[in-house]
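Reading through the structure tokens given below for one structure.
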Amino acid sequence: MQQSLDFQASIDQPDPPPAVYIIIPVHNRKEITLTCLKHLQENGDLDQYSVVVVDDGSTDGTAEAIQAQFPIVTILYGDGNLWWTGAIKMGMEYALAQKADYIIWLNDDCLPQKYTLNTLVEFLENHSHTIVGAACYLNKVNILIKTGCLHRTPLTAEPNTVTFVDSLSGYCVGFPSNLCSVIGLPDERRFPHYRGDDLYVLQATRSGFQACILGDAKVFLADTVNPPKSLNQYLKQNPKNKSIKSVFLNKKSKYYLPSNFFYFIKKYKATKGTFLFSLKLLLWSYQYLDFLLIDSFFKRTQTKHNQ
681 MQQSLDFQAS IDQPDPPPAV YIIIPVHNRK EITLTCLKHL QENGDLDQYS
731 VVVVDDGSTD GTAEAIQAQF PIVTILYGDG NLWWTGAIKM GMEYALAQKA
781 DYIIWLNDDC LPQKYTLNTL VEFLENHSHT IVGAACYLNK VNILIKTGCL
831 HRTPLTAEPN TVTFVDSLSG YCVGFPSNLC SVIGLPDERR FPHYRGDDLY
881 VLQATRSGFQ ACILGDAKVF LADTVNPPKS LNQYLKQNPK NKSIKSVFLN
931 KKSKYYLPSN FFYFIKKYKA TKGTFLFSLK LLLWSYQYLD FLLIDSFFKR
981 TQTKHNQ
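Reading the sequence shown from the start, the letters are residues 681 to 987 in this note's numbering.
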């Protein structure tokens, strides 16, 4: 009789909640990072999930401020050379060592709305072998931006919809931890900053996982500027960083040539990838020279006007 009662008690016990680890890579953006953590605290996410901030060599007091204001947050330290992908990888390694069930990437300039992370986790629990991203909006202006791709078509998800994609930008992306045992960890050597996120998701979808954007999981991006869609727009938004080294040889640049070359090779294989990268390089070269010529012309015109 006692054995029967013990068996019944074990049936009645609810399953423990999943172990969810939120990985936030940061570098010298103290106020932005603190705003993100405060937002998570107000949502109740800090109490519900394990938050791991990977501080890649910040010198502005980011880590100290987090320790003082959010002692529940785990901080991992880099030396300033991790960049986005290396920081994400370090956080994922930590989460795996802690037996995480699910891992969520979250940029520090992303503000998930209340229940957004719950929605992602619930979707993951109900859909195995799935990677899920939140729908991203520009802050204040409330403009929905495209953060996923299917083949070469940029996509997003409106409210009450789910959009399936084969790659995702890493603003706010969740996945089961067993993904790492299938495809490994992100490649921080070839993709130190850009391309590390969407290529990792692409690798996953090519390995039997599915990826999607949830329209009901809403995130606001602190930046109100629409991400540049061309090199011209990128240069206009970053007028102080227009040298060849800053644009094409800086790991933090979206146009960092080594990462883009390996991206095309990984996505399209060697022959087609090399050909498409060569075409893209020609286009970027033309756009870069065109911008410099126009910029120089306006500067000369302004100088004459001021004389």
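Heads up, the beta-carbon is just placed ideally off N, CA and C, and yes, glycines get one too.
None of these values were measured; they are calculated from a predicted model.
Requested in this report: Could you tell me if G813 is buried or exposed, where buried requires 16 or more neighbouring beta carbons within 10 angstroms of its beta carbon?
Outcome: Here residue 813 refers to the residue found at position 133 when the sequence shown is read from its first residue. Its Cβ being crowded by 16 or more others within 10 Å, G813 is buried.
**Report entry** Per DSSP, the bridge partner or partners of V845
**Finding:** Indexing the sequence shown from 1 puts residue 845 at position 165. Per DSSP, A891.
Requested in this report: Return the residue from the list K779, D896, L882 that minimises the CA-CA distance to H831.
Outcome: To locate residue 831, count along the sequence shown from 1; it is residue 151. That would be L882, whose Cα lies nearest to the Cα of H831.
Query - Environment of F900 [buried if 16+ CB atoms lie within 10 Å] - result: Numbered from 1 along the sequence shown, position 220 holds the residue referred to as residue 900. Taking a 10 Å sphere around the C-beta of F900, we find 16 or more other C-beta atoms and assign the residue as buried.
Query raised in the report: To the nearest whole angstrom, what separates the beta carbons of L756 and M772, a pair I think is in contact under 8 Å?
Result: As a first step, residue 756 must be located in the sequence shown, where it is residue number 76. As a first step, residue 772 must be located in the sequence shown, where it is residue number 92. About 11 Å; that fails the 8 Å criterion.
Query raised in the report: Is the number of C-beta pairs between the stretch 884 to 903 and the stretch 914 to 927 that are closer than 8 Å three or more?
Result: Taking a contact to require three or more Cβ pairs closer than 8 Å, the stretch 884 to 903 and the stretch 914 to 927 do not qualify as touching.
Query raised in the report: With a CB to CB cut of under 7 Å and the five nearest residues on each side skipped, what residues in its chain are close to V845?
Result: As a first step, residue 845 is located in the sequence shown; it is residue number 165 there, counting from the start. Correct list, in chain order: G828, C829, L830, L835, A891, C892, I893.
Query raised in the report: Excluding five sequence neighbours on each side, which residues of the same chain lie with their C-beta closer than 7 Å to the C-beta of I946?
Result: Against the sequence shown, residue 946 aligns to sequence position 266. Per the sequence shown, the amino acid found at residue 946 is Lys instead of Ile. Around K946: L879.
Query - Rounded distance between the beta-carbons of G888 and H809, thought under 8 Å - result: As a working mapping, residue 809 is identified with position 129 in the sequence shown. As a working mapping, residue 888 is identified with position 208 in the sequence shown. Right, the Cβ-Cβ distance comes to about 6 Å (below 8 Å), so this counts as a contact.
Query raised in the report: So, helix, strand or coil for D896, using DSSP?
Result: Position 216 of the sequence shown, counting from 1, holds the residue named residue 896. Here DSSP, grouped into helix, strand and coil, assigns D896 to strand.
Query raised in the report: To the nearest angstrom, how far is it from the Cα of S923 to the Cα of Y729?
Result: As a position in the sequence shown, residue 923 is number 243, starting the count at 1. As a position in the sequence shown, residue 729 is number 49, starting the count at 1. So the alpha carbons of these two residues sit roughly 43 Å apart.
Query raised in the report: Between V706 and D788, is the Cβ-Cβ spacing less than 8 Å?
Result: Taking the sequence shown and counting its residues from 1, one reaches residue 706 at position 26. Taking the sequence shown and counting its residues from 1, one reaches residue 788 at position 108. Yes, these two residues count as a Cβ contact at 8 Å.
Query raised in the report: With C-beta atoms as the reference, is S698 less than 8 Å away from D781?
Result: The count along the sequence shown starts at 1 and reaches residue 698 at position 18. The count along the sequence shown starts at 1 and reaches residue 781 at position 101. Note that residue 698 is Pro in the sequence shown, not Ser. Their beta carbons are under 8 Å apart, which means P698 touches D781 by this criterion.
Report task. Mind reading off the beta-carbon distance from L786 to I703? Whole number of angstroms is fine, and I expect it under 8 Å. Result -> Taking the first residue of the sequence shown as 1, we reach residue 786 at position 106. Taking the first residue of the sequence shown as 1, we reach residue 703 at position 23. Right, the Cβ-Cβ distance comes to about 7 Å (below 8 Å), so this counts as a contact.
Query - Beta-carbon spacing of L956, F944 below 8 Å - result: For this step, residue 956 is matched to residue 276 along the sequence shown. For this step, residue 944 is matched to residue 264 along the sequence shown. Yes. Within cutoff.
Query - Length-filtered (3 minimum) beta strand (DSSP E) runs lying within the stretch 723 to 804 - result: 730 to 736, 754 to 758, 782 to 786, 790 to 792
Query - Exposure label - I784; buried when at least 16 CB within 10 Å - result: Within the sequence shown, residue 784 is the residue found at index 104, counting from 1. It counts as buried.
Query raised in the report: Below 8 Å between beta carbons: does that hold for R875 and N940?
Result: Stepping through the sequence shown from its first residue, residue 875 is reached at position 195. Stepping through the sequence shown from its first residue, residue 940 is reached at position 260. With respect to N940, R875 sits close: the two C-beta atoms are nearer than 8 Å.
Query raised in the report: Nearest CA to the CA of V732: which residue from L762, R869, V700?
Result: As a position in the sequence shown, residue 732 is number 52, starting the count at 1. Of the candidates L762, R869, V700, the one whose C-alpha sits nearest the C-alpha of V732 is V700.
Report task. Return the bridge partner residues of P834 from the DSSP annotation. Result -> Mapped onto the sequence shown, residue 834 falls at position 154. Looking at the DSSP assignment, P834 forms a beta bridge with C829.
Requested in this report: Quick one: grab the DSSP three-state call for A815.
Outcome: Along the sequence shown, one-based indexing puts residue 815 at 135. Strand at A815.
Query raised in the report: Of the choices P856, L848, T885, whose alpha-carbon is the least far from that of A775?
Result: In the sequence shown, counting from the first residue as 1, residue 775 sits at position 95. Considering only alpha carbons, the answer is P856.
Query raised in the report: Can you tell me whether S958 is buried or exposed, with buried defined as 16 or more other CB within 10 angstroms of its CB?
Result: Numbered from 1 along the sequence shown, position 278 holds the residue referred to as residue 958. Per the 10 Å Cβ criterion, exposed.
Query raised in the report: How is L901 classed by DSSP in three states: helix, strand or coil?
Result: Numbered from its first residue, the sequence shown carries residue 901 at position 221. Here L901 sits in strand by DSSP.
Query - Opening and closing residue of the alpha helix (DSSP H) in which G876 lies - result: Taking the first residue of the sequence shown as position 1, residue 876 is located at position 196. Note, G876: alpha helix (DSSP H), 876 to 885.
Query raised in the report: What's the call for E838, buried or exposed, on a 16-neighbour Cβ count within 10 Å?
Result: Start at 1 with the first residue of the sequence shown, and residue 838 comes out as number 158. Its Cβ having fewer than 16 others within 10 Å, E838 is exposed.
Requested in this report: Give every residue of the same chain whose Cβ lies closer than 6 Å to the Cβ of K898, excluding the five residues on either side of it in the sequence, and list them in chain order.
Outcome: Locating residue 898 in the sequence shown gives position 218, where the first residue counts as 1. Closer than 6 Å at Cβ, skipping near neighbours: Q793, T796, A815.
Report task. Could you check if M681 is buried or exposed, using at least 16 other CB atoms within 10 Å of its CB as the buried criterion? Result -> Counted from its first residue, the sequence shown places residue 681 at position 1. Reliability of the predicted coordinates at M681 is poor, the pLDDT of 45 falling under 50, and the value obtained from them is presented with this limitation in mind. M681 should be labelled exposed.
Query - Sub-8 Å separation of L726 and I752 beta-carbons - result: On the sequence shown, position 46 is the one that residue 726 refers to. On the sequence shown, position 72 is the one that residue 752 refers to. Yes, these two residues count as a Cβ contact at 8 Å.
Report task. Return the residue from the list N708, K949, V842 that minimises the CA-CA distance to F803. Result -> On the sequence shown, residue 803 is found 123 positions in, with the first residue counted as 1. Ranking the options by Cα distance to F803, first place goes to V842.
Query raised in the report: Among A748, G766, T754, which one has its Cα closest to the Cα of Q778?
Result: Indexing the sequence shown from 1 puts residue 778 at position 98. Considering only alpha carbons, the answer is T754.
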